[in-house]
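Structure first, then comments.
Protein chains: 2
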Amino acid sequence: MTIGETARRSGVASSALRFYEEKGLIVSERAGSGHRRYPRSALRRIAFIVFAQRIGLTLEEIGAELAKLPKDHAPTRGDWERLSGSWSKRIDQRIAELQRLKSGLTKCIGCGC
Amino acid sequence: MTIGETARRSGVASSALRFYEEKGLIVSERAGSGHRRYPRSALRRIAFIVFAQRIGLTLEEIGAELAKLPKDHAPTRGDWERLSGSWSKRIDQRIAELQRLKSGLTKCIGCGC
DNA sequence: CTACAAGTTAAAGTGAACTTGAAGTCAAGC
DNA sequence: GCTTGACTTCAAGTTCACTTTAACTTGTAG
Numbered sequence: 001m002t003i004g005e006t007a008r009r010s011g012v013a014s015s016a017l018r019f020y021e022e023k024g025l026i027v028s029e030r031a032g033s034g035h036r037r038y039p040r041s042a043l044r045r046i047a048f049i050v051f052a053q054r055i056g057l058t059l060e061e062i063g064a065e066l067a068k069l070p071k072d073h074a075p076t077r078g079d080w081e082r083l084s085g086s087w088s089k090r091i092d093q094r095i096a097e098l099q100r101l102k103s104g105l106t107k108c109i110g111c112g113c
Numbered sequence: 001m002t003i004g005e006t007a008r009r010s011g012v013a014s015s016a017l018r019f020y021e022e023k024g025l026i027v028s029e030r031a032g033s034g035h036r037r038y039p040r041s042a043l044r045r046i047a048f049i050v051f052a053q054r055i056g057l058t059l060e061e062i063g064a065e066l067a068k069l070p071k072d073h074a075p076t077r078g079d080w081e082r083l084s085g086s087w088s089k090r091i092d093q094r095i096a097e098l099q100r101l102k103s104g105l106t107k108c109i110g111c112g113c
C-alpha cells in the first residue's frame, strides 16, 4: 500500500506515518521510485499505536512495546495480547484516579471541607 | 505568602506559578520590593487548576472557567461547585472510553477478530 | 507531451506547558 | 558590610507529537 492509502485506511495523516517511521515505530519497503510501500500488517501496527496513545503511552513507550514483538514471524494474536496485557492495570489506575477526582467534585476543592 | 512558600504549599513550582500568573489564571499583589505576595485564597485557586488539569482541561479552558468566578466577593463553596459541576459528565465520558479501550484489549487490535 | 496528483527529503514551524538562563535586586544573618 | 538565598524580568530553550514548507521527482490520465 502507498502511504496515501495507508493514511486513508488508518485515519492517520501521511506526515504522521512518516514521523512514526522516522521514530522506528513502523517500517516500509520502497518501490523502485523511492516511494514507501506499507504491508497490510502495518495497519494493525498503526491501530496499536493509536490505541496505545489513547491509553496515555508516549510514542517512545509504544516503540519500546513494539520492539518486543517477535522479529522472526508475523505477530500472532497472542503476541499482540501479551503486548497490551499489562495495560489493564494502567487503565484501571487511571479510571480509579478519575473516579477519585469525580467524587472530589462534591467537596470543596483545595480545602476538602 | 511569597511565591516560594506558595510553591511549597501547593506543590507547584515557582516558575509555573509565574507562568500561570502571566496567563491570568492567578493574581498576586506586590510587596514594596516588587516581590509577589499571594493571598491564602490563591492556594485554592491553584488546587483547582491542578485538579482541572488532571481531568484533562487545558490552561486556556481553565482560565475561562476561573473567569466565571464572581469578582465582587471571595468565591464560596457554591461558586466552586458550580464551576466544576459540568465536569462529572466529562469524567464519565473519559472513564467510558477507557473501559471501552480496556475491553478492546481482549480483542485483536486493528482487526477486531 | 502536458497536466496534475501524489510521493520524496530535510528543515523549520506549531502549540501546550513549562523550565532554564542571564543579569540584576532584595532581605536576613553574621 | 558581606554573603547567601530568595526574588525580579525577559528571552530563550525543552519536550511531545506532529504539521508545514520548499524544492524536487514519480505516476497517471488525457
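So the protein lines, in turn, are chains A and B. Letter 9 of the first sequence, counting from 1, is numbered 9 in the working numbering, and no numbers are missing. Letter 10 of the second sequence, counting from 1, is numbered 10 in the working numbering, and no numbers are missing. For each residue, glycine too, the CB sits at the ideal point set by N, CA and C. Since the model is a prediction, treat every value here as computed from it, not as a measurement.
Would you say Ile-55 of chain A lies against chain B (beta-carbon separation less than 7 Å)? yes
Rounding to the nearest angstrom, what Cα-Cα distance links Glu-21 of chain A and Leu-105 of chain B in this structure? 24 Å
Within its chain, find whatever has a CB closer than 7 Å to the CB of Ala-7 of chain A; leave out the 5 residues flanking it on each side and keep chain order. Ala-13, Ser-14 and Leu-17
Since Lys-68 of chain B contacts Leu-83 of chain B with CB under 8 Å, what's their CB separation in whole angstroms? 6 Å
Are Met-55 of chain B and Leu-25 of chain B touching if we call contact CB-CB under 7 Å? First, the residue type needs correcting, since residue 55 of chain B is Ile and not Met in the sequence shown. No, these two residues do not count as a Cβ contact at 7 Å.
Pairing CB atoms from the stretch 51–66 of chain A with CB atoms from the stretch 87–100 of chain A, are three or more of them under 8 Å? yes
Ser-88 of chain A: contacting residues in chain B (beta-carbon distance under 7 Å): Lys-102 and Leu-105
Do you know how far the Cα of Lys-71 of chain B is from the Cα of His-35 of chain B? 24 Å
Comparing the C-beta of Leu-17 of chain B with each C-beta of chain A, is any distance below 7 Å? no
CB contact check: Ile-62 of chain B to chain A, cutoff 7 Å: no
Within 10 Å of its beta-carbon, does Arg-30 of chain A have 16 or more other beta-carbons around it, so buried, or fewer, so exposed? exposed
Have a look at Gly-32 of chain B and Arg-40 of chain B and give me their C-alpha separation to the nearest angstrom. 19 Å
Indicate whether at least one CB of chain A lies closer than 7 Å to the CB of Leu-25 of chain B. no
Span of the alpha helix (DSSP H), counted from its first residue to its last, around Arg-44 of chain B: 41–55
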